[in-house]
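Number of protein chains: 2
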Amino acid sequence: MRRHNSALVLGAIADSPGISRAGVAARTGLTKATVSSLVDRAIVAGLVVDGEPAHREGPGRRGTALTLSPAGPHGLGVEIGVDYIATCLVDLTGRVSRQRIRPADNRAQPANRVLVKVARAIRSVFSELPVVVGGIGVAVPGLVENSTGLLRTAPNLGWRDVDIPAELRDRAALADIPVLAGNEANFAALGEMWSGEHPELRDFIHVSAEIGIGAGIVMDGTLFEGVRGFGGEIGHLSVDAKGPQCSCGARGCLEAVAGQDAILAQSGVSDVPALVARLESGDRKALTAVRPVARYLGTALSNVVNLLDVPTIVLGGTYAALGPWLQEPLQEELTLRVVSAAWSPITILQSTLGTEAAIRGAATSAVRAIIADPDPFITATVPG
Amino acid sequence: MRRHNSALVLGAIADSPGISRAGVAARTGLTKATVSSLVDRAIVAGLVVDGEPAHREGPGRRGTALTLSPAGPHGLGVEIGVDYIATCLVDLTGRVSRQRIRPADNRAQPANRVLVKVARAIRSVFSELPVVVGGIGVAVPGLVENSTGLLRTAPNLGWRDVDIPAELRDRAALADIPVLAGNEANFAALGEMWSGEHPELRDFIHVSAEIGIGAGIVMDGTLFEGVRGFGGEIGHLSVDAKGPQCSCGARGCLEAVAGQDAILAQSGVSDVPALVARLESGDRKALTAVRPVARYLGTALSNVVNLLDVPTIVLGGTYAALGPWLQEPLQEELTLRVVSAAWSPITILQSTLGTEAAIRGAATSAVRAIIADPDPFITATVPG
DNA sequence: ATCGAATAGTTCGATGCCTAAACTTAATCG
DNA sequence: CGATTAAGTTTAGGCATCGAACTATTCGAT
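Residue numbers (my numbering), protein chains in the order written: chain A, 201 to 584; chain B, 201 to 584.
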């Protein structure tokens with residue numbers, strides 16, 4: 201009961217920083233008395249601070265502005281990439297207070313060795329900054345089972361069946377700080393949503409092409425992971441029954457025709473910045489190479505939209521860079537294939553966080569977990 | 201609080217009929233005292249009956265068997281088909297107590313005229329049987345918006361923007377009996393799950409081919425409808441970029457290559473029973489016609505599974521009839537294309553309810569709504 | 001047969017959280 | 001400077017759950 205209402209109150213403060221106790225009461229349907237008592241507990245626990253009276257029109261006492269405390273627990277994001285380990289700290293308000301990327305050739309190393317390094321990175325964050333870490337989010341390029349938290353397979357790292365939370369808890373002496381591992385494409389989608397750049401973004405697909413093609417699907421502000429957590433594997437949607445062979449064994453997977461490698465091979469360029477330069481200069485070969493990519497991506501996304509009825513698509517990673525050239529043919533394909541497009545068009549946006557989306561999402565997930573269920577943290581901090 | 205716990209208790213009784221109060225307490229985590237008081241209210245409201253002491257091993261008093269009351273509120277299912285109106289009554293235990301199909305050429309009629317007939321059918325159920333109707337589910341072959349309950353479009357009926365619940369409430373004088381409208385394919389999936397034939401079925405896709413191809417997606421026992429309710433539109437997934445033109449304007453939609461019309465046209469037979477007869481007799485043309493259907497269906501379903509990570513597929517409607525000939529090539533295609541198939545194979549089942557699935561699902565949805573949130577019904581029935 | 005152990009269900013007082021309403025504080029407006 | 005309006009606090013009261021003691025029922029051992 202109180203647990204649920206604490207979450208309600210914290211959620212209201214997170215959604216509209218600077219809101220007053222009376223405002224929270226109006227929004228949540230609780231009484232002012234209840235809100236007062238719950239807010240007091242949150243303040244004592246260090247989750248909330250009340251600031252200056254906010255200015256308002258007309259007569260009457262001004263409410264004190266409640267905000268999540270920047271000095272409260274932080275979320276630590278860790279991203280295990282193929283050739284780097286990145287860390288990032290985020291406070292309750294969503295502000296990034298520390299970010300660091302360490303190059304590392306993780307592909308050549310077995311999981312335990314890499315996790316030793318990750319643990320060291322985590323401990324170094326702990327020792328360098330005097331903040332309370334309330335949770336850790338670990339983004340990995342692989343499939344994470346949601347019931348167990350196990351990384352089932354990470355093809356590009358060559359890992360299988362690694363219990364990342366358990367390993368890190370042991371190696372970094374984390375006591376009972378919650379650790380959650382997740383797919384990087386999923387975290388990237390959340391990161392983009394929470395970036396604040398697109399305030400209305402609550403139902404969307406975030407697609408990005410890196411080595412594979414990853415997608416994060418968010419519906420009603422919540423990540424959609426499928427039954428076991430292996431959902432959103434958009435890279436192996438079939439877009440051309442007679443298309444080229446994919447590494448997975450099937451034919452015509454999206455990844456095989458619209459992945460980064462396929463794009464670069466088709467356009468005869470060695471990397472993405474070079475491709476963008478050619479596109480900007482109007483190079484005909486580059487332009488004709490990108491068009492079918494958009495078509496294929498559009499076919500795959502149409503399938504997703506027909507199935508999930510999601511109104512918005514966010515282009516991330518390499519697709520964000522190619523956005524200006526993808527947008528139009530993509531829109532055409534979607535309009536043609538999506539059944540509901542006739543009465544509600546699909547919006548296409550470009551990612552603003554780019555490659556930082558995943559780690560921001562991982563770190564912010566950790567703090568959001570506290571906001572979504574603050575009671576454990578509060579009762580651990582406040583004795584009474 | 202009590203509302204939530206009442207739902208918990210009723211849910212436990214629905215899940216394991218014959219459970220004792222102590223069993224409910226153990227399963228829900230509530231205390232025996234709380235369960236007793238909640239069960240008493242449910243009994244007074246007529247939702248639950250306690251029966252004979254159940255037999256059990258060992259010493260100790262036997263618990264009284266609690267079951268949902270067959271005399272409690274019933275769910276009324278209505279199906280508005282293209283050429284019939286069907287009604288069906290289901291009690292809280294899931295038993296079907298009355299079923300009736302009235303032929304009617306609804307395609308030729310505007311919506312109001314048809315709804316007048318539907319209202320008459322509903323009133324006739326009310327007058328014929330002395331049962332309390334606790335809710336009505338209406339299955340329609342169209343897209344229903346979940347936020348408003350509006351039928352946005354039903355191509356085969358030629359209807360657009362019809363507020364079925366409101367219309368029926370007026371025309372059939374329903375007072376405040378809740379009415380929920382929904383897509384027939386979705387109701388069919390729920391009907392199949394609740395039929396009791398597949399007890400473990402909680403995560404699956406139910407696909408059926410009638411005039412179009414419909415799918416209902418169930419995850420964690422809950423219908424997945426997409427953001428606005430237009431999800432699961434599997435009929436227009438793209439399975440062959442260069443395939444034939446579909447009525448929707450795009451090319452190579454599943455419906456165009458694996459719908460009932462396409463199957464019959466390919467095999468040169470006039471109806472499904474005839475096709476089944478030919479297949480059984482080993483007719484080569486029929487056999488070679490069905491195989492690509494399975495392939496295409498497999499491609500579309502692989503896309504769905506890769507996206508939603510659903511472990512089971514149930515073949516319904518025409519596909520159920522063709523099940524024996526579809527199963528093998530379908531399984532092959534899924535194994536090839538589904539990324540997670542390597543470590544968790546996809547199960548393919550055949551529907552047991554056939555064409556009755558939708559109406560059963562609609563009726564059962566109405567009673568399940570009461571079980572999922574019994575408090576409104578209880579407080580309306582029990583004064584104190 | 002009788003007693004004891006085990007299990008089901010009820011009764012009753014205690015607890016905790018929320019609510020309602022009165023009250024205090026703080027601001028605007030005439 | 002007092003009336004009015006709104007924010008926030010205090011206090012008394014209510015309701016649902018819990019814990020513990022109690023009754024009821026059954027088996028098995030003496």
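Even for Gly, the Cβ is constructed at its ideal location relative to N, Cα and C. Keep in mind the model is a prediction, meaning the values are calculated, not measured.
According to DSSP, residues forming a beta bridge with residue i
i: Ile213 of chain A; result: DSSP, once it has assigned bridges, lists no residue as partnering Ile213 of chain A.
i: Phe424 of chain A; result: A:Ile417
i: Thr547 of chain A; result: A:Thr512
i: Gln299 of chain B; result: B:Cys288
i: Leu368 of chain B; result: Answer is none; Leu368 of chain B lacks a bridge partner.
i: Thr264 of chain A; result: A:Pro253
i: Val248 of chain B; result: B:Leu268
i: Gly219 of chain B; result: One detail in the question is off: residue 219 of chain B reads as Ile in this sequence, not Gly. For Ile219 of chain B, which the question treats as bridged, DSSP gives the partners B:Leu266.
Beta-carbon proximity of residue i to residue j, cut-off 7 Å
i: Gly228 of chain A; j: Asp250 of chain A; result: Before going on, a small fix: residue 228 of chain A reads as Thr here, not Gly. No; because the gap between Cβ atoms is not below 7 Å, this pair is not in contact.
i: Gly275 of chain A; j: Val296 of chain A; result: no
i: Met419 of chain B; j: Val427 of chain A; result: yes
i: Gly431 of chain B; j: Glu425 of chain B; result: yes
i: Asn503 of chain B; j: Leu454 of chain B; result: no
i: Tyr519 of chain A; j: Ser395 of chain A; result: no
i: Gly218 of chain B; j: Ala388 of chain B; result: no
i: Gly414 of chain A; j: Ala381 of chain A; result: no
i: Pro378 of chain B; j: Gly337 of chain B; result: no
i: Val362 of chain A; j: Leu374 of chain A; result: no
i: Gly277 of chain A; j: Leu292 of chain A; result: no
i: Val340 of chain B; j: Ala354 of chain B; result: yes
With 16 other Cβ atoms within 10 Å as the buried cut-off, status of residue i
i: Ser543 of chain B; result: Residue identity differs from the one stated: residue 543 of chain B is Trp in this sequence, not Ser. The residue in question, Trp543 of chain B, is exposed, as its Cβ has fewer than 16 Cβ neighbours within 10 Å.
i: Met201 of chain B; result: exposed
i: His204 of chain A; result: exposed
i: Val255 of chain A; result: Position check: residue 255 of chain A holds His in this sequence, whereas Val was assumed. The residue is exposed, with fewer than 16 neighbouring Cβ atoms inside 10 Å.
i: Arg261 of chain B; result: exposed
i: Asp440 of chain A; result: buried
i: Thr231 of chain A; result: exposed
i: Gln460 of chain A; result: buried
i: Thr488 of chain A; result: exposed
i: Tyr284 of chain B; result: exposed
i: Gln445 of chain B; result: exposed
i: Asn346 of chain A; result: buried
i: Arg478 of chain B; result: buried
i: Glu367 of chain A; result: buried
i: Gly307 of chain B; result: For the sequence presented, residue 307 of chain B should be read as Arg rather than Gly. So Arg307 of chain B ends up on the exposed side.
i: Asp403 of chain B; result: buried
i: Gly482 of chain B; result: exposed
i: Asp471 of chain A; result: exposed
i: Ile329 of chain B; result: Here the sequence assigns Leu to residue 329 of chain B, which means Ile is not the residue at that position. Under this definition Leu329 of chain B is an exposed residue.
i: Pro253 of chain A; result: exposed
i: Asp509 of chain A; result: buried
i: Glu279 of chain B; result: buried
Residue i in three-state terms, based on DSSP
i: Pro473 of chain B; result: helix
i: Val457 of chain B; result: helix
i: Glu586 of chain B; result: There is simply no residue 586 of chain B to check, as chain B begins at 201 and stops at 584 in what is shown.
i: Gly294 of chain A; result: coil
i: Met419 of chain A; result: strand
i: Ala356 of chain A; result: The question names Ala, but residue 356 of chain A in the sequence shown is Asn. In the structure shown, Asn356 of chain A sits in coil (DSSP, three-state: anything other than H, G, I, E or B).
i: Pro253 of chain A; result: strand
i: Thr512 of chain B; result: strand
i: Leu208 of chain B; result: helix
i: Leu497 of chain B; result: helix
i: His406 of chain A; result: strand
i: Ala375 of chain B; result: coil
i: Ser269 of chain A; result: coil
i: Ser540 of chain B; result: helix
i: Gln445 of chain B; result: strand
Near-chain A residues of the region 380–396 of chain B (beta-carbon distance less than 7 Å), N- to C-terminal order: Flagged: no residues at all.
What residues in the region 450–482 of chain B have a beta carbon less than 7 Å from any beta carbon of chain A? Ala450
By the 9 Å beta-carbon criterion, what residues does the region 427–441 of chain A contribute toward chain B? For the region 427–441 of chain A, the beta-carbon criterion of a distance under 9 Å to any beta-carbon of chain B is satisfied by Val427, Arg428, Gly429, Phe430, Gly431, Gly432, Glu433, Ile434, Gly435, His436, Leu437, Ser438, Val439, Asp440 and Ala441.
Taking a Cβ distance cut-off of 7 Å, strictly less, list which residues of the region 493–504 of chain B are near chain A, in chain order. Thr499, Ser502, Asn503 and Val504
Under 8 Å, CB to CB, which of the residues in the region 219–248 of chain B have a partner in chain A? none
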